[in-house]
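Here the structure is laid out as structure tokens; the discussion comes afterwards.
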Amino acid sequence: MPSQGLLLYSNFLNLLAYGDGIRPEIMVAVLLILCEAGAKISVDVIETGKLVYDKKWSNGISPSGWKSIERTKVLPKSPTTTPQGWWII
Numbered sequence: 021m022p023s024q025g026l027l028l029y030s031n032f033l034n035l036l037a038y039g040d041g042i043r044p045e046i047m048v049a050v051l052l053i054l055c056e057a058g059a060k061i062s063v064d065v066i067e068t069g070k071l072v073y074d075k076k077w078s079n080g081i082s083p084s085g086w087k088s089i090e091r092t093k094v095l096p097k098s099p100t101t102t103p104q105g106w107w108i109i
């Protein structure tokens with residue numbers, strides 16, 4: 021099974037970041053579509069973007085967020101704001 025298909029086959033999403041960039045609601049729409057398609061989804065949400073930068077984490081992800089990413093090996097996310105005002109997609 022290819023890794024790109026993991027979400028569809030497992031019916032379980034471990035981790036996601038809603039983001040704070042141009043459209044955080046993109047992630048909500050994706051989750052609603054997956055649920056309507058019958059996926060049984062359980063999520064652990066991490067915070068990313070400006071709020072994390074403001075807490076002095078220079079890469080926009082806190083140490084606890086990195087631990088979650090290392091544990092799950094995947095991070096679907098919406099765009100996030102950077103200190104310069106551009107978005108990481």
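So for the sequence shown, my numbering puts the first residue at 21; every next one is plus one. Backbone N, C-alpha and C define an ideal beta-carbon position, used for all residues, glycine too. For clarity, every value in this text was computed on a predicted model and none was experimentally measured.
Taking the straight line between their C-alpha atoms, what separation do you get for residue i and residue j?
{"i": "Gln104", "j": "Met47", "result": "23 Å"}
{"i": "Ser62", "j": "Leu54", "result": "11 Å"}
{"i": "Gly58", "j": "Lys75", "result": "38 Å"}
{"i": "Pro83", "j": "Asp64", "result": "15 Å"}
{"i": "Asn79", "j": "Val72", "result": "8 Å"}
{"i": "Lys60", "j": "Val50", "result": "13 Å"}
To which residues does DSSP link residue i through a beta bridge?
{"i": "Leu35", "result": "Asp64"}
{"i": "Ile46", "result": "Answer is none; Ile46 lacks a bridge partner."}
Do residue i and residue j have their CB atoms nearer than 8 Å?
{"i": "Leu35", "j": "Ile81", "result": "no"}
{"i": "Thr92", "j": "Gly39", "result": "no"}
{"i": "Gly85", "j": "Thr102", "result": "no"}
{"i": "Pro44", "j": "Ser88", "result": "no"}
So what does DSSP say about residue i, is it helix, strand or coil?
{"i": "Ser84", "result": "helix"}
{"i": "Lys93", "result": "coil"}
{"i": "Lys70", "result": "helix"}
Spell out whether any CB of chain C is found under 8 Å from the CB atom of residue i.
{"i": "Glu67", "result": "The chain labelled as chain C is not found in the depicted structure, where only one protein chain is given."}
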